[in-house]
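Right, one structure below, let's go through it.
Protein chains in written order, with the UniProt record's numbering: chain P, 1 to 366; chain L, 1 to 366.
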């Protein structure tokens, strides 16, 4: 009992310190908000009304510095997330950012928008990716968030096509972890003879399917939602999809998180009227075209190699426009204002039949 | 230009101050996390391994104090939300809280769990409300979050029934804003002859429907998802539901946010092994029963009136158990440890044929 009283004193003391810290935090967060207001005021005086207060390169610099200086015990991701929210709240004081996303509410694209801008962003659901581009072009939304890679919704290539005709630039990237589940109207794994899903999802769960459903046929369909719909009707069928699909089509989840890579991520791009200034750790996305795929590609990429620029992604698409046979979407490491990148781009522009910088933007921090 | 340079100096100065503030914030948040670890360590020494580090009454006290002391310019809600996230991160250092919710991922119930516990909580999707109760009773999850009021998913009464047989207590409440939209396969409002939805949703949009669709018949169905499914098949039909339903059933949203009360909220309860200590601003939920509804109710509520206790909600349900004709779920203002409440409860217990305190818990802050 004496011991408990002693411990109680210890608890009271630590809790007293927490209360004092909270007061200091409140004061500092409030002062930070006032500073953000002051920044907005100065910028408005200089640039007039149309000024954009959001500076992606400064935000990521702050997040990177905080992660780097973090003494623990919280981990760097967690601390960066807290600062993302503090910055989001301060920025929203002037005028909340509006971000268009591919609806409906609750999609991965909305989650990506919130992860990128923090919870003080106003997210606006659009029915199509075209609409997202239009809203941002018209200035009704400050930014748009579009899926671009590894998505299971069958919309990715469409995003890339839209960039060809759009004046918009890429101002950021977001990555999200995605999980896949096996679901069916059957209640036993042993009853599954066919597994439906989007091709990408099937590929992402290959090892699990090889191991637990080696004899089941895999059938690629247009989307994971389509797969779930089929699984609901067909005896012996299962689908690989998200929880939502299981609920909608009243399927039983037979196995959770069956993706081979636990870090399976989907990438999204943030689009806006202009790209981002240098942050020190950037990517640049390019749109290139040549007439002949086989021979042309080598020539096209030569300037990058010559200037020691690394590519993180290349994707070829048959052109819809008929002038070129193929267009390439290429992501490289570095900002277009970095000297070696600038030199490589100048070289590329001379060589390529179509050359467009879609934007330079900070590598995702969170 | 000279002026711009002057302004640039001003900007640099404010940004320098922001950077210094961020460093201080980082240090304070880290120290707060260390304090939380110290609290956990002391508690574990005293109480052994099974100790619960989450103290709902202390969390809400901190949030209320922060809101009260907030000097601006951020509004109180925003500041409380930031502190919720900081506390959530600190608490998760020991062991992340696990909260069971009514799945699938992306439901309102999951949103409620995250709103209540912050983003560092681990949310676990359950297929049914029964399962949520079971997981918490078994100790596999620390807490559960269940819908209880004004829900359009047809599950609310089931939640109340489960409390009758469960040893679990209510440890908190959460409220969420909910929006309704009118959707149809038709593309013109003029073509709508029937509007389907859950009865509660129809009621919540009555004024809008009276005004814009005065001649359309309103038909109550089991859930908003059912309504959307019907609207997809039937010419001239529309549904009142959330965005998700429009997407799933490929309906056009003809009008957004048609609920009469812009502040339309749904309430959720947090359940756990024990209820919450006093926070100074609490509610208590009771389960009462009597044999005869009409005469019994007056007698049942008399002790509350006699002790000056306010009710915020009363709901009668026919009893499934056959011993009583009716059971009442009653929410009152105050904690069961508050003197007038304690006196009223003692009185009630003598009068009622069934008397059960489901829990005392802090009034929702956010």
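Glycine included, each C-beta is placed from N, C-alpha and C at the ideal position.
Just so you know, these numbers come straight off a predicted model, no measurement behind them.
By the C-beta criterion, the region 244–255 of chain P is judged not to be in contact with the region 308–317 of chain P, since fewer than 3 inter-stretch pairs fall below 8 Å. Of the candidates P/11, P/340, P/185, P/23, the residue whose Cα lies closest to the Cα of residue 37 of chain L is P/11.
Of all alpha-carbon atoms in P/330, P/303, P/353, the one lying nearest the alpha-carbon of residue 340 of chain P is that of P/303. Among the CB atoms of chain P, one or more fall inside 8 Å of the CB of residue 70 of chain L. From the listed residues P/118, P/145, P/226, the smallest Cα separation to residue 127 of chain P is found for P/145.
Taking the Cα positions, residue 229 of chain P is about 20 Å away from residue 223 of chain L.
Fewer than three pairs of CB atoms, one per stretch, sit closer than 8 Å, so the region 69–82 of chain L makes no contact with the region 27–47 of chain L. Within chain L, no residue has its CB atom less than 7 Å from the CB of residue 226 of chain P, the nearest being about 12 Å off.
In terms of Cβ geometry, residue 200 of chain L and residue 259 of chain L do not form a close pair [threshold 8 Å]. Leaving aside the five residues that flank residue 275 of chain L on each side, the residues in its chain whose CB is nearer than 7 Å to its CB run, in chain order, 169, 170, 171, 359, 360, 361. Straight-line measurement puts the Cα of residue 109 of chain P at about 25 Å from the Cα of residue 255 of chain P. Contact annotation for residue 250 of chain L against chain P: no contact, minimum CB-CB distance about 10 Å [criterion: below 8 Å].
Residues of the same chain with a CB within less than 6 Å of the CB of residue 289 of chain P, apart from the 5 flanking positions on each side, are 324, 327, 353, 354 in chain order. Linking residue 75 of chain P to residue 88 of chain L through their CA atoms gives a straight-line distance of about 13 Å. Here residue 167 of chain P is exposed. Its C-beta has fewer than 16 other C-beta atoms within 10 Å.
For residue 131 of chain L, there are no C-beta contacts with chain P under 8 Å, since the nearest C-beta of that chain is about 12 Å from it. Using beta-carbon distances, residue 362 of chain P does not count as an interface residue toward chain L, since no partner is under 8 Å.
C-alpha of residue 6 of chain P to C-alpha of residue 267 of chain L: approximately 41 Å in a straight line. For residue 10 of chain P, the C-beta contacts it makes with chain L under 7 Å involve 42, in order along the chain. Distance from the CA of residue 314 of chain L to the CA of residue 85 of chain P, rounded to the nearest whole angstrom, comes to 38 Å. Taking 8 Å as the cut-off, the beta carbon of residue 279 of chain L is found closer than this to the beta carbon of residue 61 of chain L. Boundaries of the alpha helix (DSSP H) around residue 78 of chain P: 76–92. In chain L, no part has a C-beta under 7 Å from the C-beta of residue 134 of chain P; the shortest such distance is about 17 Å.
Non-local beta-carbon contacts of residue 177 of chain L in its own chain, meaning distances under 6 Å to residues more than five positions away in sequence, involve 265 in chain order. Residue 299 of chain P counts as exposed, since fewer than 16 other beta carbons sit within 10 angstroms of its beta carbon. Shown in chain order are the members of the region 20–46 of chain P whose Cβ falls below 9 Å from a Cβ of chain L: 21, 22, 23, 24, 25, 26, 27, 28, 29, 30, 31, 32, 33, 34, 35, 36, 37, 38, 39, 42, 43, 45, 46.
Residues 287 of the same chain have their beta carbon placed closer than 6 Å to that of residue 356 of chain L, with the five preceding and five following residues left out of the count. Listed along chain L, the residues sitting closer than 7 Å to residue 18 of chain P by beta-carbon distance are 32, 35. For residue 60 of chain L, the enclosing alpha helix (DSSP H) has its first and last residue at 56–69. For the pair residue 241 of chain P and residue 285 of chain P, the CB atoms are not nearer than the 8 Å cut-off. Across the structure, residue 363 of chain L and residue 173 of chain L are spaced so that their CA atoms are roughly 7 Å apart. For residue 86 of chain L, the nearest beta carbon of chain P is closer than 8 Å to its own beta carbon. The residue among L/17, L/312, L/283, L/349 with its C-alpha nearest the C-alpha of residue 337 of chain L is L/283. Sixteen is the threshold: when 16 or more other Cβ atoms of the shown chains lie within 10 Å of the Cβ of residue 120 of chain P, as they do, the residue is buried.
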